[in-house]
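Residue numbers (the numbering used here): 27 to 163.
C-beta: ideal position from N, C-alpha, C; glycine also.
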Amino acid sequence: MRARDYVKNNVAYHDNLCPVAWEGDEMRIEVRYKCLKIAQTFINYLDIPNFRVLDIVLTGSMANYNWTKFSDFDIHVVTEYADLECDDIAEAFYTAKKKIWNDAHDIMIRRHEAELYVGDVNEPPVSGGMYSLLDGK
């Protein structure tokens, strides 16, 4: 199969959010709780004393109208990198921890993969869709 055939008819904007995660414009409560539970397990895995969570955000196509059957749950734990008190390596540290975690875990939510990230509050992700799992909006 050619890449063009794989993508064809799979990337398009819909009139609704992905029904796997959403009921109308409200996130399914069981999906939201599952995302938050996974994020908390990931935060514990980071093993950083006094780690400050500013938000937990779902980004990407699962929070947008361009979802496909291949979409995953991109869960970003938002903190302030400066809190780590080693700004020059904070991003590399969080990236390494994220990679080790995602490589070692095959977490699925309603048959869609969940990937975890640590994001800096001062550099929010660039995404067409963002949903605060903590605030429910």
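Restricting attention to alpha helix (DSSP H) runs no shorter than 4 residues, the segment 98–141 encloses them at 113–130, ordered along the chain. Taking all protein chains shown into account, Val83 has 16 or more neighbouring C-beta atoms within 10 Å of its C-beta and is therefore buried. Per DSSP, the continuous beta strand (DSSP E) segment holding Val83 begins and ends at 81–85.
Judged by DSSP secondary structure, Tyr71 falls within the alpha helix (DSSP H) whose first and last residues are 55–72. Proximity of the segment 90–98 to the segment 135–153 meets the contact definition, three or more beta-carbon pairs being nearer than 8 Å. In this chain, Tyr91 is not harboured by any beta strand (DSSP E), its DSSP state being neither H nor E. Note that the C-beta distance between Arg78 and Glu106 is below 8 Å. Nearest in C-alpha terms to Lys63, of all of Ile101, Trp93, Lys123, is Ile101. A buried status is given to Asp146, since no fewer than 16 other beta-carbon atoms sit within 10 Å of its beta-carbon. Assignment of Gly145 by DSSP, reduced to helix, strand and coil, places it in the strand class. The distance from the Cβ of Tyr39 to that of Asn92 is about 5 Å, consistent with a contact at the 8 Å cut-off. Taking the Cα positions, Ser153 is about 24 Å away from Thr67.
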